[in-house]
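Just below is one structure, and these are the notes that go with it.
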Amino acid sequence: MKIPQSVLVVIHTPALQVLLIERADAPGFWQSVTGSKDHVDESFAATAAREVREETGLDALAAGHSLRDWGLENVYEIYPQWRHRYADGITHNTEHLFGLCIPAPLPVRLSAREHRDQLWLPWPEAAERCFSPSNAEALTWLPLLGGLHSHA
Numbered sequence: 156m157k158i159p160q161s162v163l164v165v166i167h168t169p170a171l172q173v174l175l176i177e178r179a180d181a182p183g184f185w186q187s188v189t190g191s192k193d194h195v196d197e198s199f200a201a202t203a204a205r206e207v208r209e210e211t212g213l214d215a216l217a218a219g220h221s222l223r224d225w226g227l228e229n230v231y232e233i234y235p236q237w238r239h240r241y242a243d244g245i246t247h248n249t250e251h252l253f254g255l256c257i258p259a260p261l262p263v264r265l266s267a268r269e270h271r272d273q274l275w276l277p278w279p280e281a282a283e284r285c286f287s288p289s290n291a292e293a294l295t296w297l298p299l300l301g302g303l304h305s306h307a
């Protein structure tokens, strides 16, 4: 069963180009990297780095990359078609937001099981393309929060 605690990781460049990936199980559903904790003791930061690696092949902790906890959370109702993945009675998920700044748009290695396509867009276009309202809203925070990154 999935844990109703997840991450949303907005992958972007210093120029605020944003990576969106299209779900394999829902064509037309464009999103940032998302995923649930593997176990309750996994930190949100560890979940974010793992999900970025699994879904894109990128190393969130690599030199020149800056993974930043935005200190924001969304609580939303889980879509009914996906509730079977959770324990009985679980209807809401808590999603913790992160930004991952990388120096320039990079091609990514998608997990064919999860995603079918990728694109890089300026943040306003990316926000319009997102299916999830919480993902679209997170992208509207990027001009403020994305400018706060620092490269290690």
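Every letter in the sequence shown is one number past the one before it in my numbering, and letter 94, counting from 1, is 249. Yeah, the Cβ is synthetic: ideal placement off N, Cα and C, and Gly gets one too. Predicted, not measured: the structure shown is a model, and the values here were computed from it.
By DSSP's assignment, Thr249 forms a beta bridge with Gln160 and Val230. Per the DSSP secondary-structure output, Trp275 pairs in a beta bridge with Leu174. Cβ contact annotation for Gly183 (same chain, cutoff 8 Å, sequence separation greater than five): Glu177 and Phe286, in chain order.
Between the alpha carbons of Thr246 and Gln172 lies a distance of about 33 Å. When DSSP reads this structure, Ile257 sits in no beta bridge, so it has no partner.
For Trp225, the number of other beta carbons within 10 angstroms of its own is at least 16, and it is reported as buried. Around the C-beta of Pro298, fewer than 16 other C-beta atoms lie within 10 Å, and the residue is accordingly described as exposed.
If the five residues before and after Ala281 are omitted, its C-beta is found closer than 7 Å to the C-beta atoms of Val173, Leu175 and Leu294, all from its own chain and listed in chain order. Membership of Ser191 in the beta strand (DSSP E) is indicated by the continuous run Val188 to Ser191.
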